[in-house]
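Taking our numbering, the leading residue of the sequence shown gets 4, the next gets one more, and so forth.
Notes to accompany the following structure.
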Amino acid sequence: MSTQDQHGRGRSRPDRPRHRSARLVAAALTVLAALALPQQAEAKESDAVLTVAVAQSVDSLSPFLATRLVSTSINRLMYEYLTDYDPGDAHPVPGLATRWKPSADKLTWTYTIRSDATWSDGQKVTAEDAAWTFNKMMTDEKAATANGSFVAGFRKVTAPDPTTLVIELKKPQATMTALDVPIVPKHVWEKVGDFGTFNNDKTFPVVGDGPFVLTGYKPDSYVRLKANKNFWRGAPKFDELVFRYYKDQDAAVAALRKGEVSFVAGSPSLTPAQAASLQGVKNIKVNDAPGRRFYAIATNPGARARNGQKFGDGDPSLLDERVRHALFMAVDRRTLVDKVFQGHAVEGQGYIPPRFATYFWKPSAAQELAYDPAKAAQLLDRAGYRKNADGKRTGKDGKPLTYRMLCHATDPNDKAVGQYLKEWWGKLGIGLTLDCLDNVTDPWLAGTYDLAFDGWSVNPDPDFVLSIHTCAALPATPKDTAATDNFICDRTFDDLYARQLAEYDPVERATLVKQAESRLYDLGYMNVMAYPNAVEAYRTDQIASITTMPRKAGNIYGQDGYWSWWSAVPANSADSSGGSSSTGVVVGVVAGVVVLVGAGVVLGLRRRATAEDRE
């Protein structure tokens, strides 16, 4: 969550043939997707429309609540942040702020807010809008649901004049040029009553200052965005952007073949079989690049709230670190990369993907929980979970160990990996039941699971994905929603997290981040199996060019910014130049509609109360 984080899933065994009935269902879903668009959503023939098929439904259109990748991606299109990430190397570049300067002690940051930005209703964007946004998050816990970690260290935020924003800190904070917080219009949002229930999805158009303006939304059906012709960076070239949700990913791929959608992202990636089927197809380009996500096993560490109250029903055996380590040591990550991802992934190590070289960490040979089923069995024996006469490991109560694993119904990879885990853990004497659901969020928030498939999109700055494992990220009470990804609360990790956040020296900070990753690895609550590639495809007869991030070899969907959709050029445009997927940032972009058909809820950027999904 973030981002993905909050997470985005949807894959299946690539070698499993589809039955005729399944194909009919897929076709029916495609028809339903088209019927779900209201008549007013249809663009005029003269309009340039970019249609994106996605595998995740919107949780909220409020930037204070949105936790899923698709939702946070939409927010990036609707609202500017103080700074953006350069699409080339992700260094900070001006966004709503044209420049920024810290005081000598770096406890006061002064931002110059651009004077050429306007809200879509014609009012000027001012520093007061930014100050109000941050102050609301600082004073209203519900408004801090999605991005509260960014303002936790703020002491005071003021706007002495329309183009000056001043943020005073309690202590140094290294994320001051990477505050991933959408700035909203004060004159609109100050009228909102309950920030915990307001989803920003009833009155249109929604006032924003980003490259696109939200003009329509139907839950689990569509979100419509139109080009903001007055966007300060330049108007998009597409008139509308359409994201359609497909619960059946094969149906989405079929829609791409037919030209019914312009782009397919997968959930969050295409399966190897789907990508292979599109290779060489006329007018279709497959983008396969190192991803910004990790794919992991999460174990329930005993769900709890900040008030100390425990809840949920996670298996108590998983509170034993030896059991958690044993489970992961029985996972053959190389086989998963070769057989499930078919090479479109890298074997998992630490928490942050290798794409982010500054913060990428991997365990030493002595520390690594390498594939070793025999040693895993010994760990279980020493922990007191021995096999009975039937070859089943038994718990302290004498009952066989059988774990429930949350699985995303829309993610074929979850199901495929789950079958391998059943086999490998079965040899250890441990049973596994896959709970494949359209909505895994509810049981996850309630702590009613033992294990879960987890994954997040990581930002160039690692703070957010680390923050979701701090004690401060736990819900205030069992009834509350919070930023926590998996109810982890470890004081040693918290100390490392706080130290990296306060460290401005990039080398020293990277060292602390890696130490925090090391601690998270040793705890064994989060075991990263793979770093999947970003595998996606688009029609070159609809999209002439579009920016990847990074430009040289990066993803299109779920970027750290709006560069892809903002830069996209229609194939029939006078500016069309042929169809590279990495042409640099072009002024002008996509306008949009996000159409979500079905009710599949993906946890892939499941940033809970903040991100994964962060993007």
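Glycine included, C-beta positions come from ideal geometry on N, C-alpha and C.
Note that the structure is a prediction, hence the values are computed from the model and not measured.
Next item on the list: Compare the Cα-Cα distances from D212 to each of V538, N78, P376 and P463 and report the closest residue.
Entry: In this structure, N78 is the residue among V538, N78, P376 and P463 with its C-alpha nearest to the C-alpha of D212.
Checklist line | Rounded Cβ spacing between L431 and L383 (contact assumed at less than 8 Å) | finding: 6 Å
Item checked: 7 Å Cβ shell around F207 - same chain, five flanking residues per side excluded -> Result list for F207: L217, T218 and G219, in chain order.
Note to self: Given this structure, state the Cα-to-Cα distance separating R295 from S570, to the nearest angstrom.
What the structure shows: 20 Å
Check: What's the call for V284, buried or exposed, on a 16-neighbour Cβ count within 10 Å?
Finding: exposed
Next item on the list: Pick helix, strand or coil for W364, following the three-state DSSP scheme.
Entry: coil
Notebook entry, point to check: Looking at C-beta atoms only, is the number of pairs between the segment 86–99 and the segment 167–185 that lie closer than 8 Å three or more?
Noted result: Contact between the segment 86–99 and the segment 167–185 is established, with three or more Cβ pairs separated by less than 8 Å.
Next item on the list: Could you pull out every residue in the same chain whose Cβ sits closer than 6 Å to the Cβ of V160, ignoring the five residues on either side in sequence?
Entry: A134, F137, N138 and I170
Checklist line | Beta-carbon proximity check, V531 vs F297, cutoff 7 Å | finding: yes
Checklist line | Bridge partners - S548, DSSP secondary structure assignment | finding: V572
Item checked: DSSP-derived helix/strand/coil call for M141 -> Of the three classes helix, strand and coil, the one that applies to M141 here is helix, per DSSP.
Next item on the list: Classify K555 as helix, strand or coil using the three-state DSSP reduction.
Entry: In the structure shown, K555 sits in coil (DSSP, three-state: anything other than H, G, I, E or B).
Notebook entry, point to check: Is the Cβ-Cβ distance between P188 and V209 less than 7 Å?
Noted result: no
Note to self: Quick check on the DSSP output: what are the complete beta strand (DSSP E) runs of length 3 or more inside the segment 377–444, in order along the chain?
What the structure shows: 405–411 and 434–440
Notebook entry, point to check: Straight-line CA distance for G387 to F359?
Noted result: Spanning the alpha carbons of G387 and F359 requires a straight line of approximately 40 Å.
Check: Which residue's Cα is closest to the Cα of G458: R307, D466, N416 and S265?
Finding: Per the Cα distances, N416.
Notebook entry, point to check: What do you reckon, are the CB atoms on G91 and R554 nearer than 7 Å?
Noted result: yes
Check: What is the DSSP secondary structure of R79, reduced to helix, strand or coil?
Finding: helix
Next item on the list: Output yes or no for whether 7 Å exceeds the beta carbon distance between S265 and L53.
Entry: yes
Next item on the list: Determine the direct distance from the alpha carbon of T113 to that of L404, and round the result to whole angstroms.
Entry: Cα-Cα distance, rounded: 56 Å.
Notebook entry, point to check: Can you name the residues that DSSP bridges to D87?
Noted result: V96
Notebook entry, point to check: Any idea if D466 is buried or exposed, counting beta-carbon neighbours within 10 angstroms, 16 or more meaning buried?
Noted result: Per the 10 Å Cβ criterion, buried.
Notebook entry, point to check: Terminal residues of the continuous alpha helix (DSSP H) containing T514?
Noted result: P509 to L526
Next item on the list: Closer than 6 Å by C-beta to R619: which residues in its own chain qualify, once you throw out the five before and the five after it? Chain order, please.
Entry: There is no way to answer for residue 619, as the model of the chain reaches only from 4 to 618.
Next item on the list: Within the segment 171–230, note down every full alpha helix (DSSP H) run reaching 4 residues or more, in order along the chain.
Entry: 189–192
Notebook entry, point to check: T444: which of S460, V468 and T487 sits nearest, CA to CA?
Noted result: Measuring from the Cα of T444, the nearest candidate turns out to be T487.
Check: Would DSSP call R102 helix, strand or coil?
Finding: strand
Notebook entry, point to check: Could you give the residue range of the beta strand (DSSP E) that holds F456?
Noted result: Residues L454 to S460.
Notebook entry, point to check: Within 7 Å (strictly less), CB to CB, does N78 reach chain D?
Noted result: Among the chains in the structure shown there is no chain D, since it carries only a single protein chain.
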